[in-house]
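Here is the structure we will look at.
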Amino acid sequence: MSRDHIIFIVFLFIFATINIYLFGSGNLSADWTGFGTFIAAGITLSLYSFLYKDNPLFKFAENLYVGVAAAYTLNQIWYTVLLADVVNPLSELEENLSNLWLIVPTLLGLFMLTQLSSAKFSWLSRIAFAFVVGLGAGLAIPRTIAANVLAQLEPTMQPIAATWVGLDLFIILVGVVTVLVYFFYSVEHTGPVGVASKIGIWFLMISFGASFGYTIMARLSLLIGRVGFLLEDWLVLPLPLF
Amino acid sequence: MRYFLCCITLVLYTAQVHAQQPTGVKAEDTPNDSGGNITVTWDYPKPYEGVEQIKYTIVVGESENGPFHGTKFSAANLQSSDPGTFGYGEETFQKLFARVDEYTDPTDPPKRIAIENGKTYYVQVIAHLPSGESFPSATVSAEAYENFFNRTKTNNFVIGTIFSLIILISIFLAQKRELFIRRIAGLEALDEALGRATEMGKPVLFAHGLTSMGTVSTIAAVNVLSRVANRTAEFNTELRVANNDPVVMAVSQEVVKESYLNAGRPDAYSEDSVFMVATEQFSYAAALDGMMVRDRPATNIMMGYFFAESLLLAETGASIGAIQIAGTDSYTQLPFFITTCDYTLMGEELYAASAYLSREPKLLGSLKGQDIGKAALLIVMILGTLLATLGIQTLTHIFTAY
Chain X
893 MSRDHIIFIV FLFIFATINI YLFGSGNLSA DWTGFGTFIA AGITLSLYSF LYKDNPLFKF
953 AENLYVGVAA AYTLNQIWYT VLLADVVNPL SELEENLSNL WLIVPTLLGL FMLTQLSSAK
1013 FSWLSRIAFA FVVGLGAGLA IPRTIAANVL AQLEPTMQPI AATWVGLDLF IILVGVVTVL
1073 VYFFYSVEHT GPVGVASKIG IWFLMISFGA SFGYTIMARL SLLIGRVGFL LEDWLVLPLP
1133 LF
Chain W
213 MRYFLCCITL VLYTAQVHAQ QPTGVKAEDT PNDSGGNITV TWDYPKPYEG VEQIKYTIVV
273 GESENGPFHG TKFSAANLQS SDPGTFGYGE ETFQKLFARV DEYTDPTDPP KRIAIENGKT
333 YYVQVIAHLP SGESFPSATV SAEAYENFFN RTKTNNFVIG TIFSLIILIS IFLAQKRELF
393 IRRIAGLEAL DEALGRATEM GKPVLFAHGL TSMGTVSTIA AVNVLSRVAN RTAEFNTELR
453 VANNDPVVMA VSQEVVKESY LNAGRPDAYS EDSVFMVATE QFSYAAALDG MMVRDRPATN
513 IMMGYFFAES LLLAETGASI GAIQIAGTDS YTQLPFFITT CDYTLMGEEL YAASAYLSRE
573 PKLLGSLKGQ DIGKAALLIV MILGTLLATL GIQTLTHIFT AY
């Protein structure tokens, strides 16, 4: 028996013992709520077990997660899209003839499924894809100009004065200009352009560092939430422990 | 004498009423909208003690003589708070405005009736003083209608048109002569990474980001995938493409199939190589992590827009010793890719990747056009800052998003 097998069996034994004790002592109620907490704790620990290495518990949790997510998505799509936006309005055509236009998006959606058919019909899917890509690009262009061009230009083009605020604005201006220079592709990054792009990279890395720290803080709070669940809701330990 | 005093009192009272009564009231269709909305404007009251405490209500009627019904509007603001509609003139600091899109149903008060297009409404602004007195304005009329153009987006339209023209001209020029593109390290390493997978006899894993086919990053990722598939077909290396969006999966299947066909290896293409993993973010991440540790791909390529799963994927990829090349325009996830991947395409580098890899005149011209656009914006930015420092903010106002 390998070391991994022993660890796996010991883990299962400890988990089972703890739960028997929790249910036996009444710390976990013998109803659906208690059962839900027990399952949630088991899945949480199974997913965390990946930190040790890939193992059957992680595989089980992973497949369960994918399956549940797929089922949930199908449920959402059926009730909020297919039933609400297609089936119900089309079944009420006699009362509301204007719903007839829904046939167009429905057909486009059905065209996508022709991908699964033979080459004789699969070309129909390209109409739907062309529509989706074209619509996406059409919507994205004005939005990109507004969010990535105009919304960046206006706060950069502010009067610079000999104050701390002015210094801030000046640093922002230098940062924006040099980072933009870094993203020039049609000139070689040598000489003054090279210097500017190097400064731009420094600005990028400093901002990435800040963003990294900020996000790690957020992730830690998620971890704290999960550990809190295991300690407080599952093991019913009073927090804080120390 | 009594008569004189009465007259004086009446005159003073009338003057006071007029002083408190909202003046300069105008009502008109709210510009740049889809109708069903009326904008009411009036003068900011002359300064005196307690002027800030005046509250305003707007009443709407369907007849000039009433009855008038209450409306609900967020707050009366200075016109200067909405420069997209009222501009930047000095007078915008002297006038208030409010927008009305419904009024109380007289037959059923809690309910509200929406303003209809093409119907004339009569509007009064009522000033409520802290003392409890109320002073209605003169009645004005307005009609709401749909506006064909949103004029506040004119700058967006002009910039979009100019940039499109620049790109089209650049594409035209690119078809006449070869254009230079600087080296992009992450893309130079692509062949090396695919070659490594070939040497090791292990698969290449290409993971799409989480956004749909409509986003620029996904379109760019599909372009990179085309090149990757072309190379794996040439090298006879197994390619696995993980998706979390069915449309992206279908497009990827088409792209990979075409690349294998172009490489003269249609027989090597397997439909199962482009597969759907999961539509949910973290189930996608969990399944991909599992795949990485089990299949141990030699090369991981992650392209597109990623969210919190980026570090989970890249960290697992790093732990199995795969060469990792990531590309994303999600600036919040870039730090994670930079720290865990061998090469990272940052932001626009991802968009440039397809032009860089294919050297197609259309894409090269487009990239060149974007560079010209960036140079133009850079000049505008420096000029705009200089002018703003000199007290001229016209350029800043032109380049403001409304």
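Top line first, the protein sequences correspond to chains X and W.
If you read the first sequence in our numbering, its first letter stands for residue 893, the second for the next number, and so on.
If you read the second sequence in our numbering, its first letter stands for residue 213, the second for the next number, and so on.
Here a beta-carbon is modelled for each residue, glycine too, at the ideal position from N, C-alpha and C.
None of the values given here were measured: they were computed from a predicted structure.
Which class does W:Ala356 belong to by DSSP, given the choice of helix, strand or coil? Of the three classes helix, strand and coil, the one that applies to W:Ala356 here is strand, per DSSP.
9 Å Cβ cutoff, W:Asn368 in contact with chain X: yes
Any beta carbon from chain W within less than 9 Å of X:Ile1052's own beta carbon? yes
Applying a beta-carbon distance threshold of less than 9 Å, which residues of chain W neighbour X:Val1079? Phe392, Arg394, Asp583
What does the Cβ neighbour count give for W:Arg395, buried or exposed, with the cut at 16 atoms within 10 Å? exposed
With a threshold of 16 other CB atoms inside 10 Å of the CB of W:Glu328, please say whether the residue is buried or exposed. exposed
So if DSSP puts W:Ile537 in a beta bridge, which residue, or which two residues, is it bridged to? W:Ile513, W:Tyr555
Regarding X:Ile969 and the ligand COA, is the C-beta to nearest heavy atom distance less than 8 Å? Absence of the ligand COA from the depicted structure is noted, as is the absence of any ligand whatsoever, leaving it without description.
Mind pulling the chain W residues with CB within less than 7 Å of X:Glu954? Ala498, Ala499, Gly502
Backbone secondary structure at W:Leu224 - three-state DSSP: With a pLDDT of only 48 at W:Leu224, under the threshold of 50, the placement of this residue in the model should not be trusted; the figure read from the coordinates follows. Looking at W:Leu224 - three-state DSSP - the assignment turns out to be helix.
Identify which residue in W:Lys388, W:Ala520, W:Leu525 has its Cα closest to the Cα of W:Asn512. W:Leu525
With a threshold of 8 Å, are at least 3 pairs of Cβ atoms found where one atom belongs to the stretch 923–933 of chain X and the other to the stretch 963–982 of chain X? No, the stretch 923–933 of chain X does not touch the stretch 963–982 of chain X.
Using a Cβ-Cβ cut-off of less than 8 Å, list which residues of the stretch 534–564 of chain W approach chain X; keep chain order. Tyr543, Thr544, Leu546, Pro547, Phe548, Ile550, Thr551, Met558, Gly559, Glu560, Glu561, Ala564
Enclosing beta strand (DSSP E) for W:Phe487 [first to last residue]: 486–488
Would a check of beta-carbon distances place W:Glu492 closer than 9 Å to chain X? yes
The stretch 903–912 of chain X / the stretch 451–467 of chain W touching (three or more Cβ pairs under 8 Å): Touching, no, given that fewer than three Cβ pairs across the two stretches are closer than 8 Å.
Look at X:Tyr1077 and W:Lys580 and say whether their C-beta atoms are less than 9 Å apart. yes
Taking the beta carbon of X:Phe905 as the centre, do at least 16 other beta carbons fall within 10 Å, making it buried, or is it exposed? exposed
Buried or exposed: which applies to W:Ser542, given that a residue is buried once 16 or more other Cβ atoms fall within 10 Å of its Cβ? W:Ser542 comes out buried.
Taking W:Ile379 as the query, report the chain X residues whose CB atoms sit under 9 Å from its CB, ordered along the chain. The contacting residues do not exist; W:Ile379 stays about 11 Å from chain X at best.
Of all the CB atoms in chain W, is at least one closer than 9 Å to the CB of X:Ala1039? yes
W:Ala510 to X:Phe1023 span [Cα, whole Å]: 36 Å
Determine, using beta carbons only, whether W:Pro318 and W:Pro348 come nearer to each other than 9 Å. No, these two residues do not count as a Cβ contact at 9 Å.
Please report the distance separating the alpha-carbon of W:Ser154 from that of W:Thr410. Beyond the ends of chain W as shown, which are 213 and 614, falls residue 154 of chain W; an answer cannot be given.
Outcome for W:Asp241 when other beta-carbon atoms lying within 10 angstroms are tallied against a minimum of 16: It counts as buried.
Mind listing which residues of the stretch 419–440 of chain W have their C-beta closer than 9 Å to chain X's C-betas, in chain order? The stretch 419–440 of chain W vs chain X, Cβ under 9 Å: Ser424, Met425, Gly426, Thr427, Val428, Thr430, Ile431.
Starting from W:Gln281, follow its DSSP beta bridges and name the residues at the other end. The sequence as given places His at residue 281 of chain W; Gln does not occur at that position. Answer is W:Val272.
In whole angstroms, give me the CA-to-CA distance for X:Pro1132 and X:Thr929. 20 Å
Just tell me which of W:Ile266, W:Ala310, W:Thr304 has its CA closest to the CA of W:Val272. When only C-alpha atoms are compared, the closest one is W:Ala310.
Please say whether W:Val489 and W:Leu451 have beta carbons closer to each other than 9 Å? W:Leu451 places its beta carbon 9 Å or farther from that of W:Val489.
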